[in-house]
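Accompanying notes for the structure given below.
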Amino acid sequence: MLFAAHSGLRFLVLVGALFVVLYAAVGFFGKREYSSAMARLAAVFTGLMHLQLLTGFIVLFTRPFYTAIIGHLFTMLLAAAVAQFTTSVVKRRPQEAKSYGPHLVGGLLALVFMVAGILAIGRGVLESTM
567 MLFAAHSGLR FLVLVGALFV VLYAAVGFFG KREYSSAMAR LAAVFTGLMH LQLLTGFIVL
627 FTRPFYTAII GHLFTMLLAA AVAQFTTSVV KRRPQEAKSY GPHLVGGLLA LVFMVAGILA
687 IGRGVLESTM
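With the working numbering, you'll find the sequence shown wraps up at 696, consecutive numbering, no jumps.
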């Protein structure tokens, strides 16, 4: 059951990453003033990433281990670290120094690491595991 939750949550995390990237791209290329909605969206995405990581660790210890999991584990850890780092760095900046650029780059990097992690275990990004 937890495997199904981990697998299903993947879609929500991917959608969250896409929202972060799209919102940041519109703000960055439209040269808009930084909004608190971007900060909230990034925080939700980071929280979803952490939840996915937690369920992944539980699944790791409750299901049979195979070597492809190692690549999956490290790329997903990188994705979560990038998401957390981006959110933390922008949060610490003064309001006038905040911008959409770090969210755009961090969101894209996290998305690339997530896709690589999913592919590392031999599944398609949008492929159902049920």
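The C-beta atom is built at its ideal place from N, Cα and C for all residues, glycine as well.
Thinking C-alpha only, which one of the options is nearest residue i?
i: Arg606; options: Phe679, Glu693, Phe577, Ser654; result: Ser654
i: Pro660; options: Ser602, Gly688, Ala676; result: Ser602
i: Ala590; options: Arg689, Val691, Val671, Val648; result: Val671
i: Ala608; options: Phe651, Gly574, Thr633; result: Phe651
i: Phe640; options: Lys657, Arg658, Val656, Leu619; result: Leu619
i: Ala645; options: Thr695, Lys657, Leu614; result: Leu614
i: Ile624; options: Leu584, His572, Leu578, Ile684; result: His572
i: Gly622; options: Tyr600, Lys657, Val579, Val586; result: Val579
Assuming residue i is part of the alpha helix (DSSP H), what are its boundary residues?
i: Lys657; result: 634-658
i: Val589; result: Reading off the sequence shown, one finds Tyr at residue 589, where the question assumed Val. Taken as a continuous stretch (DSSP letters only), the alpha helix (DSSP H) holding Tyr589 covers 568-595.
i: Gln618; result: 602-628
i: Phe679; result: 667-686
Return helix, strand or coil for residue i, following the three-state DSSP convention.
i: Val691; result: coil
i: Glu599; result: coil
With a threshold of 16 other CB atoms inside 10 Å of the CB of residue i, please say whether the residue is buried or exposed.
i: Met567; result: exposed
i: Thr633; result: exposed
i: Gly548; result: Nothing about residue 548 can be reported from this structure: the residues present for the chain run from 567 to 696 only.
Would you say the segment 621-633 touches the segment 670-680, given that touching needs at least three Cβ pairs under 8 angstroms?
no
At least 3 beta-carbon pairs within less than 8 angstroms: the segment 579-598 vs the segment 662-671
Under the 8 angstroms Cβ criterion, the segment 579-598 counts as touching the segment 662-671, having at least three qualifying pairs.
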